[in-house]
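Participant: Quick note on numbering: the sequence shown equals residues 52 to 223 in my numbering.
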Amino acid sequence: MALLPILTAPDQRLKTVSLPVAQVTDETRRLMDDMLETMYAAPGIGLAAIQVGVPQRIIVIDLAGEGEEPAPLYFINPQTVQISPETVQNEEGCLSVPEFYEDVERPLTATITYLDYHGQQQTQIAEGLLARCILHEMDHLEGILFIDHLSRLKRSIILKKLTKSRKLLSAP
Ligand code: K1U
Ligand code: ZN
52 MALLPILTAP DQRLKTVSLP VAQVTDETRR LMDDMLETMY AAPGIGLAAI
102 QVGVPQRIIV IDLAGEGEEP APLYFINPQT VQISPETVQN EEGCLSVPEF
152 YEDVERPLTA TITYLDYHGQ QQTQIAEGLL ARCILHEMDH LEGILFIDHL
202 SRLKRSIILK KLTKSRKLLS AP
């Protein structure tokens, strides 16, 4: 397994619309294993393949808390079949927007279909944090970041700060 570098905004590759996976192969599984290791190391609770520069419709998630058994979830080619009209506002972060946390309004529940680790068709009915995390990661597959749900002013302040800290990090 390998740790992969995570792209950070305003990297334009994060705006890519990812492509469906044609077939779930050992290579797909190796990528998902590496994504999971990268996500645990960050640490985070979710990761989309585009965040490690791979424009494929692949998501990994693990909501297990510290001291709990790992509970990895793998979603390939996820598709929303139902979202609740009821929405909730809650704080989100993103490994591609490091150190910023903001409230985002999202549906309370979501039902999705997807292919699992073995390429089998599955359905997930998600609520609360799992629904939020799945919808956040599915946004990544469309090239959308959580800051795109904020006001233009808030987004531009965050992007300016990220650009500044990136310049400071790359300065000799
Ligand atoms: O970058 C990402 O897409 C991952 C992101 C997922 C997410 C978080 C919160 C709401 C929706 C989606 C993160 O994992 S940010 C880090 C984080 O939330 C966290 C880190 C360590 C422990 C617990 C949470
Ligand atoms: Zn994210």
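All C-beta atoms in this analysis are idealised placements derived from N, C-alpha and C, irrespective of residue type, glycine included.
1. Taking DSSP as the reference, what is the three-state secondary structure of A92?
2. Our contact map puts S69 next to Q130 with C-beta atoms below 8 Å; I'd like the distance itself, whole angstroms only.
3. Nearest-angstrom Cα distance between S216 and P223?
4. Which residue from I209, L82 and Q74 puts its Cα closest to that of L54?
5. Would the C-beta of E156 count as close to the ligand K1U, meaning under 7 Å from any of its heavy atoms?
6. Out of G170, L204, Q74 and L146, which has the shortest C-alpha to C-alpha gap to V103?
7. Can you look up A161 in the DSSP assignment and give me helix, strand or coil?
8. Please classify L213 as buried or exposed, where buried requires at least 16 other C-beta atoms within 10 Å of its C-beta.
9. With hydrogens ignored, establish whether the beta-carbon of S69 is closer than 7 Å to any heavy atom of the ligand SAM.
10. Can you list, in chain order, the residues of its chain with a C-beta nearer than 6 Å to that of I176? Leave out the 5 residues immediately preceding and following it.
11. Kindly provide the ranges of any beta strand (DSSP E) runs that are 3 or more residues long and lie completely inside the region 110-175, ordered along the chain.
12. Verify the contact flag: F197, CB atom, against every heavy atom of the ligand ZN, threshold strictly below 7 Å.
13. Kindly indicate which residue of V139, L210, R203 and Y165 has the alpha-carbon position closest to the one of Q74.
14. Quick one: is the Cβ of A99 within less than 7 Å of any heavy atom of the ligand K1U?
Facilitator: Checking against the coordinates, here is how it stands:
1. Your numbering for residue 92 matches position 41 in the sequence shown. Residue state, collapsed to three classes: helix.
2. In the sequence shown, the residue the question calls residue 69 occupies position 18. In the sequence shown, the residue the question calls residue 130 occupies position 79. With a Cβ gap of about 13 Å, S69 and Q130 do not count as contacting.
3. Residue mapping note: residue 216 aligns to position 165 of the sequence shown, counting from 1. Residue mapping note: residue 223 aligns to position 172 of the sequence shown, counting from 1. Distance between the alpha carbons of S216 and P223 is about 13 Å.
4. Within the sequence shown, residue 54 is the residue found at index 3, counting from 1. Closest option to L54, Cα to Cα, is L82.
5. Looking up residue 156 in the sequence shown gives position 105. Checking every heavy atom of the ligand K1U against the Cβ of E156, none is found closer than 7 Å.
6. Here residue 103 refers to the residue found at position 52 of the sequence shown. Out of G170, L204, Q74 and L146, L146 has the C-alpha closest to the C-alpha of V103.
7. The residue labelled residue 161 in the question sits at position 110 within the sequence shown. The answer is strand: DSSP assigns A161 an E or B state.
8. As a first step, residue 213 is located in the sequence shown; it is residue number 162 there, counting from the start. The residue in question, L213, is buried, as its Cβ has 16 or more Cβ neighbours within 10 Å.
9. Here the bound small molecules are the ligand K1U and the ligand ZN; the ligand SAM is not part of this structure.
10. Position 125 of the sequence shown holds residue 176. Closer than 6 Å at the Cβ level, and outside the excluded window around I176, lie T162.
11. 124-134, 138-143, 153-158 and 160-166
12. Here residue 197 refers to the residue found at position 146 of the sequence shown. Correct: F197 has its Cβ closer than 7 Å to the ligand ZN.
13. Numbered from its first residue, the sequence shown carries residue 74 at position 23. Ranking the options by Cα distance to Q74, first place goes to Y165.
14. If you number the sequence shown from 1, residue 99 lands on position 48. The answer is yes for A99.
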